[in-house]
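**Q** Before I ask anything, here is the structure I am working with.
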Amino acid sequence: MDEIMRLWPATIRVVLDHGLLCVGCPIAPFHTVEDAIRAHKIDGDDFRDDLMKAIRGQRG
């Protein structure tokens, strides 16, 4: 998660909007997207879609 947020800062808003507290979390460097989905029990399809939109610059 940490690497995604560093490489694509627009994903930080997605993470926060989905209720995840990965920003600044000491576990974030070790969590994958799938780890975060499981740990926070969120809808994986929506989260992955929103992440990809942010990475592509399509999320407003």
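In this text, residue positions in the sequence shown follow full-length UniProt numbering: the first is 1, and each later residue adds one.
Glycine included, each C-beta is placed from N, C-alpha and C at the ideal position.
Here the structure is a predicted model, which is why all the values come from computation and not from measurement.
1. Please name the residue in Asp45, His40, Met5 whose C-alpha comes closest to that of Val23.
2. Identify the continuous alpha helix (DSSP H) that holds Lys53 and give its terminal residues.
3. Quick one: what does DSSP say Ala10 is sitting in, helix, strand or coil?
4. For Ala28, count the other beta carbons within 10 Å of its own beta carbon; 16 or more makes it buried, fewer makes it exposed. Which is it?
5. With 16 other CB atoms within 10 Å as the buried threshold, where does Asp17 fall?
**A** Let's see:
1. For the residues Asp45, His40, Met5, the minimum Cα distance to Val23 belongs to Met5.
2. Lys53: member of the alpha helix (DSSP H) spanning 44-55, first to last residue.
3. Under the three-state reduction of DSSP output, Ala10 falls in the coil class, being neither helix nor strand.
4. So Ala28 ends up on the buried side.
5. Of the other Cβ atoms in all chains shown, fewer than 16 fall within 10 Å of the Cβ of Asp17; this residue is therefore exposed.
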